[in-house]
Amino acid sequence: MKTVISYRYHGETIKNLEILLVNVCSAFKFADINPYCVYFEHYKNSRDRSPAEMMQLAFSHIDNSDFLFVIQASEARSEGMLIEIGYAIARGVKVVIATKKGISNTYLPSMGDYAFEYVDIQDLIQRIKEINFTPLIQGHNSGEACIV
Numbered sequence: 002m003k004t005v006i007s008y009r010y011h012g013e014t015i016k017n018l019e020i021l022l023v024n025v026c027s028a029f030k031f032a033d034i035n036p037y038c039v040y041f042e043h044y045k046n047s048r049d050r051s052p053a054e055m056m057q058l059a060f061s062h063i064d065n066s067d068f069l070f071v072i073q074a075s076e077a078r079s080e081g082m083l084i085e086i087g088y089a090i091a092r093g094v095k096v097v098i099a100t101k102k103g104i105s106n107t108y109l110p111s112m113g114d115y116a117f118e119y120v121d122i123q124d125l126i127q128r129i130k131e132i133n134f135t136p137l138i139q140g141h142n143s144g145e146a147c148i149v
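Residues in the sequence shown are numbered consecutively from 2, following our numbering.
Structure (structure tokens):
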């Protein structure tokens with residue numbers, strides 16, 4: 002199973018963002034899900050790519066993934082994150098949205114096939130490890146989590 006991780010980049014502290022993304026990727030690997038995160042691609046191999054090229058790279062990975070995993074850590078959203086969500090929906094790729102508890106001015110969770118709240122990074126990591134994503138990608142969209 003594969004997922005692409007979508008997140009807000011601009012306006013975030015790079016150190017905190019990297020801690021978050023490293024932990025989220027590790028949690029997915031623990032759950033036997035292969036995560037892709039454009040952040041690591043950009044900083045390891047792609048510094049010379051334009052934003053449009055980075056979006057095309059993300060699109061190609063979304064096309065080959067089972068679901069898009071969106072981290073909504075604040076009420077602020079990024080153009081890239083919103084474009085990735087719209088692209089996934091248009092392509093029929095399932096969308097899972099993890100929203101930090103306390104965020105209220107958003108309708109983003111209602112756009113996902115599955116959405117949940119988390120308290121902090123540790124809670125987010127634990128939830129990723131506990132959720133069984135298989136029913137979601139097999140088309141069983143009940144709106145409920147499949148907790149292992």
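No residue lacks a Cβ here, since even glycine has one placed at the ideal position from N, Cα and C.
Straight-line spacing of the CA atoms in D67 and M2 works out to 6 angstroms.
The three-state secondary structure of V71, taken from DSSP, is strand.
For M56, the CB contacts under 7 angstroms within the same chain, skipping 5 residues up- and downstream, are G81, I84 in chain order.
Between Y10 and S105, the gap from beta carbon to beta carbon reaches 8 angstroms or more. Nearest C-alpha to V97 among V25, L137, Y115: Y115. For the pair V94 and I63, the CB atoms are nearer than the 8 angstroms cut-off.
Shortest Cα-Cα distance from S75 to any of I86, A59, L109, S51 involves L109. Here S79 carries a coil assignment [DSSP, helix/strand/coil]. Contact between L69 and T4 holds: CB atoms are separated by about 7 angstroms, below the 8 angstroms threshold. I129 has its alpha-carbon roughly 15 angstroms from the corresponding atom of I138.
Relative to K102, the option among G113, Y119, N133, S27 whose CA is nearest is Y119.
Assigned with DSSP and collapsed to three states, I98 falls in strand.
Per the coordinates, the alpha-carbon of Y88 lies some 24 angstroms from the alpha-carbon of E19. Between the C-alpha atoms of C26 and L125 there is a straight-line separation of about 11 angstroms.
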